[in-house]
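With the numbering used here applied, the sequence shown corresponds to residues 4 to 272, in that order. We treat Cβ as the ideally placed atom computed from N, Cα and C, and that holds for glycine. All values derive from a computational prediction rather than experimental measurement. Note sheet for the following structure.
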Amino acid sequence: MSQLLARNTASFSDNKIHDDRVAAEYGFRGGLVPGVTVYGYMASAVVSKLSRDWLERGWMQVRFQEPTYEGDAVVVHVRAGDGGGYQVTAERTDGTVCATGSAGIGRRAAVHSEDFPIRPLPAFEERPLASWEAFVPGEPLGTLREKVDLTDRTWMEELAFDADAEPSPMYAGTSAIAHPAVLLGLSNRILTRNFKLGPWIHVGSDLTNLGTARHHDEITVTGRIHDRFEKKGHEFVVLDLALAVHGGKPIQRVRHTAIYRPKPRTVEA
């Protein structure tokens, strides 16, 4: 078990669901702590429980069920589950379960195994608006390339890694490896570099780790639209993504799900 105070790493981001005023328009009591940040809390606990091997050959499924807010006391539990895996939860101290997941090492196929074509990103100001028509299943995404700088706290926090919550020297400095939240943050970034979004919400990820990224590696993120659907008035998009370093060495496969158009709160007259 680990306990920490949640921090909204994205309060000034372009995604205004992390802004107190805008989040209130969707029925939340404050700006949402990013899902990637909460995943980072959970992944740190998993590494502590399962060892560093998880970073290179582990897997995790995570779903964000309730919002986490700035200053919430969050408790992460990693408990043995069925079939040799582990159940992972992130809870407020009042018992509210904010995120659930399962995790393990080995013995699980990646969510997809294929590689995706290299395609140019759209010019930033020419990105298409996120819409049902824009999210065509099977359509490839423009390729994201990012140089890893594990000495740059700002760069890592822009990817929603909460550096204050992670004391391990394993994740910062020129001899470090990228924290799991830094890698998953790139799954958000390829979405926002391909499409122009309003307020949106990361709701879950299913990922398989195949290797690690180190300081000054260039990470290539490729992918495609896997699915789109509507549920309870929200519109969702699902991405299949592949992360690689060193000329194509795979480090992660991800199926990444987001609400790109949340249902606004209904205000009674």
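Considering only residues of the same chain and omitting the five flanking positions on each side of residue i, which have a CB-CB separation below 7 Å?
i, result
"G107", "G61, W62, G87, G88, Y89"
"I193", "L144, L147, V224, G226, L244"
Run the CB neighbour count on residue i, radius 10 Å, all protein chains shown included, and call it buried at 16 or more, exposed below.
i, result
"M45", "buried"
"K19", "buried"
"E160", "buried"
Given a cut-off of 7 Å on the beta-carbon distance, is the pair residue i and residue j in contact?
i, j, result
"A137", "W203", "no"
"R258", "D220", "no"
"V91", "G109", "no"
"E128", "I222", "no"
"A247", "L200", "no"
In whole angstroms, give me the CA-to-CA distance for residue i and residue j.
i, j, result
"G98", "A168", "21 Å"
"D22", "V36", "10 Å"
"R55", "R32", "37 Å"
"V114", "I180", "23 Å"
"Q64", "R111", "12 Å"
"P125", "N197", "6 Å"
"T71", "S14", "13 Å"
"H249", "D118", "15 Å"
"P140", "A9", "35 Å"
"V270", "M173", "Its pLDDT being 46, under 50, V270 is placed unreliably by the model, and the measurement read from it follows with that caveat. Taking the straight line from one Cα to the other gives about 48 Å."
"K52", "R82", "9 Å"
"E238", "P170", "37 Å"
My output table needs one value for residue i: the three-state DSSP class, helix, strand or coil.
i, result
"P172", "helix"
"E271", "Confidence at E271 is low in this model, with a pLDDT of 45, below 50, so the placement of that residue is unreliable and no value is reported for it."
"I121", "coil"
"L144", "coil"
Tell me which residues share the same chain as residue i and place their Cβ nearer than 6 Å to its Cβ, disregarding the 5 neighbours each side in the sequence.
i, result
"V79", "S5, Y44, M45, A48, A93"
"L162", "V185, G188"
"G38", "F67, H205"
"A272", "Residue confidence for A272 is low, a pLDDT of 36 falling below 50, so the modelled location carries little weight; the figure read from the coordinates is stated next. Excluding sequence neighbours, A272 sits near nothing in its chain."
Suppose the cutoff is 8 Å on Cβ atoms and the five residues either side in sequence are ignored; what does the same chain contact list for residue i look like?
i, result
"T195", "D17, N18"
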